[in-house]
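One structure below.
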Amino acid sequence: MKKIPKEFDPARIAAHAESAQQIYREENNAKEPMASVLANNPEIYFVPPQRRSDWGKWEFKPGSYYDTTIGSQHPFWREQDLPQPSKDIRRLRADLLNWGYCKVEDALSAEQVATLRQRVLEQAEGEQLAGIAQRTPSGQNINCCVNKGRCFELFIEQHPSIAQGGPLVEQLVTEALGPGWICTSLIAAISLQGGVPQALHQDQNNNLDSRSPMSVNILTAITDVDEKTGGTLVIPGSHTVLADAVRAGKPVGKLPPAINMDAKAGTMVITDGRLLHGTGINHTDQPRIVMLNGMQKPWLRQQENWMLSVRPEVLERASAKLLHRMGYQATTGTQTNEGHGFGAVGKLDEAAGALVDFRLAADKGAYQRVGELRPDADGEMLNAPFTLRDVVGKARAGGVSAPVGIGSKGLNATAE
Ligand SMILES: [Fe+2]
859 MKKIPKEFDP ARIAAHAESA QQIYREENNA KEPMASVLAN NPEIYFVPPQ
909 RRSDWGKWEF KPGSYYDTTI GSQHPFWREQ DLPQPSKDIR RLRADLLNWG
959 YCKVEDALSA EQVATLRQRV LEQAEGEQLA GIAQRTPSGQ NINCCVNKGR
1009 CFELFIEQHP SIAQGGPLVE QLVTEALGPG WICTSLIAAI SLQGGVPQAL
1059 HQDQNNNLDS RSPMSVNILT AITDVDEKTG GTLVIPGSHT VLADAVRAGK
1109 PVGKLPPAIN MDAKAGTMVI TDGRLLHGTG INHTDQPRIV MLNGMQKPWL
1159 RQQENWMLSV RPEVLERASA KLLHRMGYQA TTGTQTNEGH GFGAVGKLDE
1209 AAGALVDFRL AADKGAYQRV GELRPDADGE MLNAPFTLRD VVGKARAGGV
1259 SAPVGIGSKG LNATAE
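According to my numbering, the sequence shown is numbered sequentially starting from 859.
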């Protein structure tokens, strides 16, 4: 056997990889902004679960990040013009930009709230009885809601039949994230009495110095939330405070206090992915329900693995919009399947990037993938009913020119 060049020996590589020599080491190992947030705001440390008994009774403690109150009652915040429930797009834009969140008033009608509330409570009980309930330190989460009721499929689409304010919310999300955004997950978060608060965190744990959000979370109150019922904890304005500090290479200093978000059932609160927040404590004996419906730039990995998890029946009836939102439209740079998707830009119903037929074929046990081929393979092998052939054929029949990866030049056509 030929000797491998000495430069490729792992011991030699390690000897030439002292930390001071490594490129981008600082960037790739940065612990900011949370390192300085915690160092300069020690009260923010997550409360360990063994102190669960501390959370039984509501009490406002000035200076505390967890035993706090709503903005209009907080001595630090009550004179400030914090986000107000509104249907006015100008007010909502300004609130999202300045404070990192805005409250879309009556985004769900009372009937729409009742539909979701009933479905969430029934599902929660069903999952408990089935022994697969997903408990959290705050209560119970219902994950992958898209499989658990038609109302949730429509909710991800922000369809006016389940969220009357959907079109306004979509416009604000498009302004925040740019076109082409997709959904990261839909979870029903139920806070129950005796739960502990969630540690304050940023959902966006990448691009921490970004000038605009990479993700937003749409929190929909299905029950009224406030300081007693487990209103989400937020530090207003923290989205820019943290990002500005990282960009300037400076530590984050003393932060203003957190408040409980207050919102009537039916309010959709759009939060910037950089905002410091966490689940609040429910001090009542009634369940607190907030739908967590995150949206993100289309190039980020999604929280829910919709490619595997969505039920076949749901996929078969899914609208082009729902499929797109779940990530079933590939682009050249994301989620291509056996090369299908090269040349696509991630539009709704774009045949050049449509992936759903691969998944449906797999569900039927009929997904035939292209494997090893060679010039002397027999005709049967070369003419096998590859699913790729069907999907590309369908796209071509719909007027799409051959994807870059397929054709006379073969896969090399896409090299580099
Ligand atoms: Fe979060």
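No residue lacks a Cβ here, since even glycine has one placed at the ideal position from N, Cα and C.
Asked: With a threshold of 6 Å on Cβ separation, who are the neighbours of G1199 within its own chain once the five nearest residues in sequence on each side are excluded?; Found: A1188 and G1211
Asked: Let me know the beta strand (DSSP E) ranges lying completely inside the segment 1175-1216, each 3 residues or longer, listed in chain order.; Found: none
Asked: Can you check which of these residues, K1222, A1047, M1165 and V1127, is closest to Q998 by C-alpha distance?; Found: A1047
Asked: Between the beta-carbon of Y882 and the beta-carbon of I902, is there less than 8 Å?; Found: no
Asked: Give a single yes or no on whether D1130 has its beta carbon closer than 7 Å to a heavy atom of ligand 1.; Found: no
Asked: Under 7 Å from any heavy atom of ligand 1, does the C-beta of D1061 make it?; Found: yes
Asked: Say yes only if the C-beta of H1141 is nearer than 7 Å to one or more non-hydrogen atoms of ligand 1, and no if none qualify.; Found: no
Asked: Check this for me: beta carbons of I1000 and Q1029, under 8 Å apart or not?; Found: no
Asked: What does DSSP give as the partner residues of T994 in its beta bridges?; Found: G997
Asked: Let me check understanding here. Comparing Cα to Cα, which of E885, N887 and E1085 lies closest to K919?; Found: E1085
Asked: Kindly provide the ranges of any beta strand (DSSP E) runs that are 3 or more residues long and lie completely inside the segment 1093-1165, ordered along the chain.; Found: 1126-1130 and 1146-1154
Asked: Compute the minimum distance between the beta carbon of H1097 and the heavy atoms of ligand 1, and state whether it is under 7 Å.; Found: no
Asked: Could you pull the DSSP bridge partners for C1041 from this structure?; Found: M1153
Asked: With 16 other CB atoms within 10 Å as the buried threshold, where does N886 fall?; Found: exposed
Asked: Counting only the same chain and skipping the five closest in sequence on each side, list residues whose C-beta sits under 7 Å from that of G1256.; Found: A1209
Asked: Considering just the uninterrupted stretch of the alpha helix (DSSP H) at K1252, what are its terminal residues?; Found: T1245 to A1255
Asked: Does the segment 1120-1139 come within contact of the segment 953-962, defined as at least 3 CB pairs closer than 8 Å?; Found: yes
Asked: Could you check if N1063 is buried or exposed, using at least 16 other CB atoms within 10 Å of its CB as the buried criterion?; Found: exposed
Asked: Is it true that the CB of I1076 sits closer than 8 Å to the CB of M1126?; Found: yes
Asked: For V1214 and L1181, I'd like the C-alpha separation in whole angstroms.; Found: 8 Å
Asked: Whole-angstrom Cβ separation of F1056 and P995, contact assumed at under 8 Å?; Found: Sequence check: residue 1056 is Gln here, not Phe. About 7 Å separates the two Cβ atoms, so the contact holds.
Asked: Give me, in chain order, the residues of the same chain whose beta-carbon lies closer than 7 Å to that of S1266; leave out the 5 immediate sequence neighbours on both sides.; Found: Unreliable placement is indicated for S1266, whose pLDDT of 36 sits below 50; the coordinate value is still reported in the next sentence. So no residue of the chain qualifies.
Asked: May I ask you to verify whether the segment 1096-1106 touches the segment 1151-1167, counting CB pairs closer than 8 Å and requiring at least 3?; Found: no
Asked: Below 7 Å CB to CB, which residues in the same chain sit around N1195 once its five sequence neighbours on both sides are set aside?; Found: A1188, L1213 and F1216
Asked: In chain order, what residues of the same chain lie with their CB nearer than 7 Å to the CB of F934, ignoring the 5 residues before and after it?; Found: P1114 and P1115
Asked: Using only the alpha-carbon positions, how far apart do A1202 and Q1193 sit?; Found: 11 Å
Asked: To which residues does DSSP link S1073 through a beta bridge?; Found: Q1154
Asked: Going by DSSP, which residues form a beta bridge with S1049?; Found: G997 and R1146
Asked: For a minimum of 3 consecutive residues, which ranges assigned as the beta strand (DSSP E) are wholly contained in the segment 952-1029?; Found: 959-962, 992-994 and 997-1000
Asked: Evaluate W1039 with the Cβ neighbour count: other Cβ atoms within 10 Å of its Cβ, from every protein chain shown; 16 or more gives buried, anything less gives exposed.; Found: buried
Asked: Identify the continuous alpha helix (DSSP H) that holds R870 and give its terminal residues.; Found: P868 to A873
Asked: Looking only at its own chain, which residues have a Cβ that is under 7 Å from the Cβ of N898, when we skip the five neighbours before and after it?; Found: P1109, V1110, G1111 and K1112
Asked: Any idea if P1037 is buried or exposed, counting beta-carbon neighbours within 10 angstroms, 16 or more meaning buried?; Found: exposed
Asked: Could you tell me whether the Cβ atoms of A968 and G1124 are closer together than 8 Å?; Found: yes
Asked: Taking the C-alpha atoms as reference points, what is the distance between R975 and M1149?; Found: 10 Å
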